[in-house]
Ligand code: ZN
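Numbering (my numbering), first residue to last: 2 to 324.
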């Protein structure tokens, strides 16, 4: 999205030395996805219309600077590689059998935003210390053009993911479960993962970029050592977690990586997100798709697709935790 809120400022230009490695790593993890990408290239013409709308009280007008049209209509758009027959559920073999493989492992799931945030503008606009600077406690998040809020999407996917990880024996904690009127603030979201000594933490979001911008991306923490923020110990394991989550996501959903961020890798490194900067445990954000794009929105609003998204994340997390 062209986020102006605390969690989403325009991504900085990135020249991560890791990028090439990560690209290769993701490609290695998801060879089957490449076929799908060809399909997207064939159907992925940008849609027009829509445009950003702030959507909720307390959110700011949204500049489009963070989501430039790529100018590359042949770029892979997000999409479902499979025919939407509804009669071809994910193969049963995809779902790992229930096991105790993750027994003793702790995973913290952070459902981005909160459906009640828009009713609590003053509280969520309160500035909190995110280590490097102060920024708003939380944001309202985005919504589909039809008005379905990101916060409901994130909570639904979080529930699905929690179920899957518990089936593997993990201890799972959510930063919020629709059980508080707003928030928590981004610093508390990080703190919950830290205090749980999470082996992995994942923050679930959907983007609010321009129509035509499609696909998912995983955001990993860059190196930050300033104020109370110190990501030095989590950069490498978070990158590993991010690669595996991206790989699982592509493999299970058949959805292409973002065509507007990450140069087709589905991986983005950022140093401006309080939820990552304040983490002391391996953590990534997943932007599952663009709610402002009609084709992506059709996926994001599909329960069966959300289940696949959760399964993809679960696969990645299981893979990461098992080493
Ligand atoms: Zn979000």
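Backbone N, C-alpha and C define an ideal beta-carbon position, used for all residues, glycine too. All values reported here derive from a predicted model rather than from experimental measurement.
Check	Outcome
Neighbourhood of residue 262 by C-beta, 6 Å cutoff - its chain only, sequence neighbours within 5 removed	218 and 269
Sufficient close CB pairs (3 or more, under 8 Å) joining the region 220-240 to the region 276-295	yes
Residue 189 Cβ short of 7 Å to the ligand ZN heavy atom set	no
Residue 202 vs residue 284 beta-carbon contact at 8 Å	yes
Counted within 10 angstroms of its Cβ, other Cβ atoms place residue 233 as buried (16 or more) or exposed	exposed
DSSP three-state assignment for residue 183, whether helix, strand or coil	coil
Cβ-heavy atom distance, residue 114 to the ligand ZN, below 7 Å	yes
Delimiting residues of the beta strand (DSSP E) encompassing residue 201	201-208
Pairwise C-alpha distance: residue 130 and residue 303	36 Å
8 Å Cβ cutoff met for residue 242 and residue 106	no
Opening and closing residue of the alpha helix (DSSP H) in which residue 125 lies	122-126
Cut-off 7 Å between Cβ atoms - residues of its own chain near residue 103, not counting five sequence neighbours on either side	166, 169, 170, 171, 319 and 322
Buried or exposed by the 16-neighbour rule on C-beta atoms within 10 Å, applied to residue 178	exposed
Three-state secondary structure (DSSP) of residue 238	helix
Element boundaries [alpha helix (DSSP H), containing residue 271]	Residue 271 -> not in any alpha helix (DSSP H); beta strand (DSSP E) instead, spanning 268-271.
Same chain, Cβ closer than 6 Å to residue 312, five either side skipped, listed in chain order	253
Rounded C-alpha distance that separates residue 160 from residue 183	18 Å
Coarse secondary structure for residue 172, derived from DSSP in three states	strand
Counted within 10 angstroms of its Cβ, other Cβ atoms place residue 181 as buried (16 or more) or exposed	exposed
Distance, residue 257 Cα to residue 146 Cα	22 Å
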